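J.: Can you keep this structure in mind? I'll have questions shortly.
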DNA sequence: CCAATATACTTCGACAGGCGAAATATTGGG
DNA sequence: CCCAATATTTCGCCTGTCGAAGTATATTGG
């Protein structure tokens, strides 16, 4: 049985070993976390509107515009107009965008396979079940105070 | 047994539920991730030199200076000079700094207690063991290519 | 013992990214 | 047709990061 203090120390000492590798993946592709998420959403939903993209990333539209601009400049995303409503802009992966997502997924899956190597099949299964239980638990908790909270809290400084 | 594709989908769909709350903690205290880590290091090692702080955060010294400047302005850290070597600057928590770290830890520990509530004692124990096994496994892996890599890779863009 | 070099840190200037407010374009209702 | 509503971009400000040059102190070789 471990105390919270011990857990805190443990995580503090080891967090870099877990988090830093992801950082490296991002840097190798020279993509920010937001850009990565935008690509992932674009892959999942084919044609995403700027609005849902902004909502998915929990950023204001002006920020989403910047993110997409950079990805367009990098040749990974393409803008298009909706036929039904010509105000809405949709973004979708370009050919190179699809390739990059393929590369990225290969990297991620290699990572997952590393986990499969380290843990036994039963341990892997157990880890997933615990993770799932945690996600469900936290999801439950988040329901209550979600009523009228806008997409992001504003905190004033000084 | 889940495929990597299924796992990818699952994480993509649920990542916000896990990551976002931490974001909120940071925003409530109006501290950046780096600032938070700097405070944590200062608490753990009492008097930290700018050099080791920069190394610990994996940022160049000029960035570390900025981080510490902000924390000093916020009244959480204080600068001092080493007696043995008057070039080195040490930072340490102020009284309010200690208080803030206390508050922060209370928040984190409440989070951990939430986890303890969601999982049974045995499940909690199992989760820790699996986490530990993973960290050890990845640590092993990281040994080989670490030889001459400087603290940060430089990637050129375009 | 002291000039040259090394070390620890800060300052400066450039640049990227995030965001609110204003601007632009399109829709839909009266 | 006109006007409010909606979707998005543009603009300007601000924060944060970082390399290079600058400052202060330590160390070392002659």
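Protein chains in written order, with the working numbering: chain A, 778 to 935; chain B, 778 to 935. We treat Cβ as the ideally placed atom computed from N, Cα and C, and that holds for glycine. Remember, it's a predicted structure, so these values are computed and weren't measured experimentally.
1) For the alpha helix (DSSP H) holding residue 829 (chain A), just list the boundary residues, first then last.
2) With a CB to CB cut of under 8 angstroms and the five nearest residues on each side skipped, what residues in its chain are close to residue 869 (chain B)?
3) For a cutoff of 8 angstroms on Cβ pairs, would you count residue 915 (chain B) as touching chain A?
4) Curious, which full-length alpha helix (DSSP H) runs of at least 4 residues does the stretch 852 to 911 of chain A contain?
5) Please classify residue 874 (chain A) as buried or exposed, where buried requires at least 16 other C-beta atoms within 10 Å of its C-beta.
6) Output, in chain order, the set of chain B residues within a Cβ distance shorter than 9 angstroms of residue 892 (chain A).
7) Suppose you measure from the CA of residue 925 (chain A) to the CA of residue 835 (chain A); what does that come to, to the nearest Å?
8) I'd like to check one pair, residue 867 (chain B) with residue 859 (chain B): are the Cβ atoms closer than 8 angstroms?
9) Nearest-angstrom Cα distance between residue 784 (chain B) and residue 880 (chain B)?
10) Do you know whose CA, among B:801, B:904 and B:884, lies nearest residue 909 (chain A)'s CA?
11) Using the Cα positions of residue 899 (chain B) and residue 890 (chain B), report the straight-line distance between them to the nearest angstrom.
12) Are the beta-carbon atoms belonging to residue 797 (chain A) and residue 844 (chain A) less than 8 angstroms from one another?
13) Return helix, strand or coil for residue 848 (chain B), following the three-state DSSP convention.
14) Which stretch, first to last residue, makes up the alpha helix (DSSP H) that contains residue 808 (chain B)?
15) Does the CB of residue 822 (chain B) have a neighbour CB from chain A at under 8 angstroms?
16) Can you tell me whether residue 887 (chain B) is buried or exposed? The criterion is at least 16 other CB atoms within 10 Å of its CB, across all chains shown.
17) Would a check of beta-carbon distances place residue 844 (chain A) closer than 8 angstroms to chain B?
T.: The short version:
1) 827 to 834
2) 819, 823, 824, 825, 854, 855 and 857
3) yes
4) 872 to 895
5) buried
6) 911, 914 and 915
7) At residue 925 (chain A), the pLDDT of 35 sits below 50, so the modelled position is not reliable; the number obtained from the coordinates is stated separately. If I take the Cα positions, the gap works out to 15 angstroms.
8) yes
9) 35 angstroms
10) B:904
11) 14 angstroms
12) no
13) helix
14) First-last for residue 808 (chain B): undefined, no H or E at that position.
15) no
16) exposed
17) no
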